[in-house]
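Asks:
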Amino acid sequence: MEKIDIEEKIVAMLKTVYDPEIPVNVYDLGLIYKIDVSDNGEVVIDMTLTAPNCPAADFIMEDIRQKVESVEGVTAATINLVFEPEWDKDMMSEEAKLELGFL
1 MEKIDIEEKI
11 VAMLKTVYDP
21 EIPVNVYDLG
31 LIYKIDVSDN
41 GEVVIDMTLT
51 APNCPAADFI
61 MEDIRQKVES
71 VEGVTAATIN
81 LVFEPEWDKD
91 MMSEEAKLEL
101 GFL
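And the structure:
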């Protein structure tokens, strides 16, 4: 399977992961900064949170890891939590802004 196909499936899977306090998925919230797929199927994702002290951080990161590892062609997933650049609402998709009443 091509890396681009794997990436598309990862993005689709990320759109099924939600912060329990926000009715928008982590991808459309703009929390996913980078998705790297290696030739051997290892995936590294850099992500952030809407707030550094998010009580659901461990739950969200584990949900992402499990779901990404379930994608065909993925052999392992590493989820890195980063806080640079700092997240703000401008990183959300138009759909997310509309859903949350920012448009």
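Counting from 1, position 88 in the sequence shown corresponds to residue 88 in UniProt numbering; the numbering is continuous, with no gaps.
Even for Gly, the Cβ is constructed at its ideal location relative to N, Cα and C.
All figures in this text were calculated on a predicted structure; none of them were measured in a lab.
How long is the line joining the alpha carbons of residue 27 and residue 14, rounded to whole angstroms?
Replies: Answer to the nearest angstrom: the Cα atoms are 6 Å apart.
Asks: If you follow the beta strand (DSSP E) that residue 34 is part of, which residue opens it and which one closes it?
Replies: Where residue 34 is concerned, the enclosing beta strand (DSSP E) stretches over 32-37.
Asks: If you measure between the beta carbons of residue 45 and residue 32, is that distance less than 8 Å?
Replies: Cβ distance < 8 Å, so residue 45 and residue 32 count as in contact.
Asks: Using only the alpha-carbon positions, how far apart do residue 85 and residue 35 sit?
Replies: Those two C-alpha atoms are separated by around 16 Å.
Asks: With a cut-off of 8 Å, do at least 3 Cβ pairs link the segment 1-17 to the segment 61-73?
Replies: Taking 8 Å as the limit for Cβ pairs, the verdict is that the segment 61-73 does touch the segment 1-17.
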